[in-house]
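Going line by line, the protein sequences match chains D and G. So in my numbering, spot 96 of the first sequence is number 76, and the numbers just go up one at a time. So in my numbering, spot 131 of the second sequence is number 111, and the numbers just go up one at a time. A virtual CB, placed ideally from N, CA and C, is assigned to each residue, including glycine. Note that this is a predicted model, so its numbers are computed, not measured. For reference, the structure discussed in these notes is given below.
2 protein chains.
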Amino acid sequence: MTKKENILIIGAGLCGSLLALRMAQRGYQVQLLEKRPDLRKVNIGAGRSINLAFSDRGIKGMRLVGLEESVKKHCIPMLGRMIHDKEGNTFLSAYSGREKEFINSISRTSLNALLLDEAEKMPNVTILFNHSCIKVDLEHASATFFDENHKKEIIFQGDIIIGADGAGSVLRKSMFLHRKFLFSFSQNFLTHGYKELSFPATKEGNFATGKGALHIWPRGENMVIALPNKDGSFTVTLFLSYREGEYNFDNLTTPKRVTEYFQKEYPDALALMPNLETEFFQNPVGALGTVKCYPWSSYGKTLLIGDAAHAVVPFYGQGMNASFEDVVVFDAILEKHQGNWHKVFTEYEKARKKDTDAIADLALDNFHEMKEHTASAIFQEKRKLETTFEKEFPLEYYSKYSLVTFQEDIPYSEAMRLGRAQDKAIINLIADGKIRADHSHREILDLVKKETEAILHDDAVVKNLM
Amino acid sequence: MTKKENILIIGAGLCGSLLALRMAQRGYQVQLLEKRPDLRKVNIGAGRSINLAFSDRGIKGMRLVGLEESVKKHCIPMLGRMIHDKEGNTFLSAYSGREKEFINSISRTSLNALLLDEAEKMPNVTILFNHSCIKVDLEHASATFFDENHKKEIIFQGDIIIGADGAGSVLRKSMFLHRKFLFSFSQNFLTHGYKELSFPATKEGNFATGKGALHIWPRGENMVIALPNKDGSFTVTLFLSYREGEYNFDNLTTPKRVTEYFQKEYPDALALMPNLETEFFQNPVGALGTVKCYPWSSYGKTLLIGDAAHAVVPFYGQGMNASFEDVVVFDAILEKHQGNWHKVFTEYEKARKKDTDAIADLALDNFHEMKEHTASAIFQEKRKLETTFEKEFPLEYYSKYSLVTFQEDIPYSEAMRLGRAQDKAIINLIADGKIRADHSHREILDLVKKETEAILHDDAVVKNLM
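In structure tokens, the structure reads:
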């Protein structure tokens, strides 16, 4: 089952490594090129998304390549959001009322290393690190790289080039600058940036706070979150406006002012951060952007995948999961039309685009949900109801969060359509006082279902006429 | 009232000319640079948007510079959409039930010439044609131009540079390539392109079809439209998919096939097009794109305005009107904060962005409305009802079209919010059979108002929680 085509994959990050492994399993000759050094040998990129939320769509990708079991030992389950208010009170808002529905904190480096190790075992995979892509000739499927080891430019020829080169994709830039077809493209930045900080493990090597949750300090416009790491530490991320509000990245310019801000807004977190002042001025401020584009392929020879095609903000914890799902969807279409790359690429991009658009939009919604709504009474009431529904009627109700995160066979676009209608139904029923104290849970669920149906009906009627 | 600042305006199209005139009236030193030759002396750009739909927001711009009366003699009123079906039947769908609400067909060249003539009369305006902007130094407010007359590069220094250089703006590109601030940007193309054609005047010099309407041949996926010109001709535009459907731009490659397509889909239009085959192969296919970006200004020294900041598809006939409204909004904010350009620019972009985003989205909606919905029974019933409301209750009801086009004091974003809710209300009431034959117009309007209120209420409740 060896195939003659040479597949050149740009980027050996999570998506590129998974794709390389899968393509190799299918018998293709795979060249995987990565601009950075081998992350298994060199410690790189401190201060930028050290850990990730790994959930069912990501697991499906690992299952595709036979690594579902291997990945589990790297996972730390997080059962819900642990909300911290200003007074230091906490409460856990479960991600689902169904027991098996939780997300996992995982180290980006461990997951990437696992995939690289497996890819490297394949005889038909070559991996080259320190090769930085400069440009791609779309019509001839050749790509120019700068080889950092030998300090020279080198051209690689593929039959097919797949760009898994992330949010700053060079393949995508080559498509943008190419003038022979219309290339739709957008980059949209939030008014907020992020900075990575940490809670170190305690002296005894334990977690400084509960490890079984994703911790959130919602403060309206800004927030802090924390995810556990295997070594007992937490990676902490501050999401803060660049310019607005009393405290912002532009004016947090002295250690004293940084501590003052944390003391005022996040006192219980500050108590766990002995290195705050050092880390704050060592680590960079990262931008939060959404990238969309279309088409993803050109000339039946090149294709964008993962963040290169659709970078999203991190608030749904779905960036990597969506990229892994890309590989699953791509693989199924490749299976159908093997040999006809033009058909594979165009069918893939057409089938997949609406879903990656959906997760991009959902991730933006979730920014507001996390930093603001999680602290609101009506939102908390909604989540309580939803968890109750999921516990008592597990086959009848799936919240938007559950549809997006745990129902990996439901496309993101459908999860968005149904999930948003449900949210609108519940919030309006609560706000309008239509849920009474003497209603049973069964009656409330029926009310929600009926209202959701009405919303979906009204939207469907106008969809074709507005 | 002479002011010392030199204002350099890139682009002497409609928006740049209006802005130059207004800034000169305010006493600034204005340099207006245009890459093309003087359109009053050279015939340029045949085959690309020869005429435009001019309406109340555009008129407000002309009023600002004292040209409201002068522009009127260039206008041909269009009272509604004349819908042509495949059998050659026509019916007029009025733009409004209020008599004074109509749009105008106007020649792009005449309008631009009028503005250039007035600007040129000002002692503090210099206009240079054949000067093509290459790049802008944002931090120093200097711009490099290629002078086509002398075939050399030349650098112009301004205190302020305003880019009114259209959808392909060079100032915007300089912002995109500048790496010192986050620049959100999108370009999105439709799967359809357009081609300009014509109905010549009759031998007697008369209009070949009714001049008092905007003619539409809606055919579901594609359409033809026609707008009257002062010389008795019509400018006709075919909007057609590049690749999809039986007939498309990719496969209309022979004169025979073009005529066959028109014979099949637009037979009554074909009868008025003696030059169809020649024009079809002479004129280019234009792309239909939406451009959004943010911020519009940098360093308190440069600003994007008009299409350069927000190019829209042409289906609401609002592109030029929106650009003229830009000048009106900008002028009011300039009046408030004269001398503090940083404040003028940031307040302007913040105030205006939501409205230009809204008209961009409304214009996309209208593509589907024109090519598809105008031919549907339920849509026609909606329009009939709305026209009746506007006739019988002129102070109580304004359709979305009327809010956008004729209510120039209502911002686009508000017109969109209210207009979409009304559309959804009416369409659902009709579709669900809730409008009965024995209802009076008063009763129906009350139903529509109540349903609209309910929709707006439900949306408002969730707006802050979803």
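Report all residues from its chain with a CB closer than 8 Å to the CB of residue i; omit the five preceding and five following residues, and keep chain order.
{"i": "G/Asn209", "result": "Ile30, Asn31, Ile56, Ser85, Ser87 and Thr215"}
{"i": "G/Leu250", "result": "Thr239, Phe242, Gln243 and Leu256"}
{"i": "D/Ile205", "result": "Leu194, His195, Ile196, Trp197, Val216, Thr217, Phe219 and Met350"}
{"i": "G/His130", "result": "none"}
Following the continuous alpha helix (DSSP H) through residue i, name the residue where it begins and the one where it ends.
{"i": "D/Arg37", "result": "Asp36 to Leu44"}
{"i": "D/Lys443", "result": "His421 to Lys443"}
{"i": "G/Pro235", "result": "Pro235 to Glu245"}
{"i": "D/Asn92", "result": "Arg88 to Lys101"}
{"i": "D/Met453", "result": "Nothing about residue 453 of chain D can be read from this structure; chain D reaches only from -19 to 446."}
Beta-carbon of residue i versus every beta-carbon of chain C: anything under 8 Å?
{"i": "G/Arg400", "result": "Among the protein chains in the structure shown, which are D and G, there is no chain C."}
If you run the structure through DSSP and keep just helix, strand and coil, what is residue i?
{"i": "G/Phe295", "result": "helix"}
{"i": "G/Trp197", "result": "strand"}
{"i": "D/Ala33", "result": "strand"}
{"i": "G/Glu388", "result": "coil"}
{"i": "G/Ile24", "result": "coil"}
{"i": "D/Thr270", "result": "strand"}
{"i": "D/Lys175", "result": "strand"}
{"i": "D/Phe136", "result": "strand"}
{"i": "D/Asp345", "result": "helix"}
{"i": "D/Gly286", "result": "helix"}
{"i": "G/Ala(-8)", "result": "coil"}
{"i": "D/Val216", "result": "strand"}
{"i": "D/Val105", "result": "strand"}
{"i": "D/Asp418", "result": "coil"}
{"i": "G/His130", "result": "coil"}
{"i": "D/His2", "result": "His is not the amino acid found at residue 2 of chain D; the sequence shown has Arg there. Reduced to three states, the DSSP call for D/Arg2 is helix."}
{"i": "D/Thr124", "result": "strand"}
Please list the terminal residues of the continuous beta strand (DSSP E) segment that includes residue i.
{"i": "D/Ala251", "result": "Note, D/Ala251: premise wrong, no beta strand (DSSP E); not H, not E."}
{"i": "D/Met58", "result": "Ile56 to Met58"}
{"i": "G/Ala70", "result": "Note that residue 70 of chain G is Thr in the sequence shown, not Ala. Element bounds for G/Thr70: Thr70 to Ala74."}
{"i": "D/Leu118", "result": "No beta strand (DSSP E) holds D/Leu118; DSSP gives it neither H nor E."}
{"i": "D/Thr459", "result": "Outside the displayed range of chain D (-19 to 446) lies residue 459 of chain D, so it cannot be described from this structure."}
{"i": "D/Val10", "result": "Gln9 to Leu13"}
{"i": "G/Val204", "result": "Asn202 to Pro208"}
Closer than 8 Å, CB to CB, is residue i near chain G or not?
{"i": "D/Ala251", "result": "no"}
{"i": "D/Asp345", "result": "yes"}
{"i": "D/Gln167", "result": "yes"}
{"i": "D/Asn231", "result": "no"}
{"i": "D/His353", "result": "yes"}
{"i": "D/Asp287", "result": "no"}
{"i": "D/Met446", "result": "yes"}
{"i": "D/Lys325", "result": "In the sequence on display, residue 325 of chain D carries Phe and not Lys. By this cut-off, D/Phe325 is not an interface position."}
{"i": "D/Val116", "result": "no"}
{"i": "D/Leu162", "result": "yes"}
With 8 Å as the threshold, decide whether the Cβ of residue i is near any Cβ in chain D.
{"i": "G/Lys429", "result": "no"}
{"i": "G/His290", "result": "no"}
{"i": "G/Ala448", "result": "Missing from the structure shown is residue 448 of chain G; chain G here goes from -19 to 446 and no further."}
{"i": "G/Ser(-3)", "result": "no"}
{"i": "G/Leu383", "result": "no"}
{"i": "G/Lys404", "result": "yes"}
{"i": "G/Ile205", "result": "no"}
{"i": "G/Ile407", "result": "yes"}
{"i": "G/Ala411", "result": "yes"}
{"i": "G/Asp438", "result": "yes"}
Leaving out five residues on either side along the sequence, give the residues of the same chain with a beta carbon under 6 Å from the beta carbon of residue i.
{"i": "D/Val150", "result": "Cys113"}
{"i": "D/Glu327", "result": "Ile313"}
{"i": "D/Asn(-14)", "result": "Gln9, Gly138 and Asp139"}
Keeping to the same chain, check which residues put their C-beta closer than 7 Å to that of residue i; ignore five residues upstream and five downstream.
{"i": "D/Asp335", "result": "Pro391, Tyr392 and Ser393"}
{"i": "G/Ser90", "result": "His54"}
{"i": "G/Leu268", "result": "Phe169, Leu170, His172, Gly173, Tyr174 and Val293"}
{"i": "G/Asp311", "result": "Arg2 and Leu44"}
{"i": "G/Phe295", "result": "Ala343, Asn346, Phe347 and Met350"}
Practice task
For the stretch 268 to 285 of chain G and the stretch 98 to 107 of chain G, state whether three or more C-beta atom pairs, one from each stretch, are separated by less than 8 Å.
Solution key: no
Practice task
Specify whether the stretch 157 to 166 of chain G and the stretch 162 to 176 of chain D touch according to this definition: at least 3 beta carbon pairs, one from each stretch, less than 8 Å apart.
Solution key: yes
Exercise for the section: Taking 8 Å as the threshold, find out whether the stretch 437 to 445 of chain D comes into contact with the stretch 120 to 129 of chain G through three or more Cβ pairs. Expected result: no
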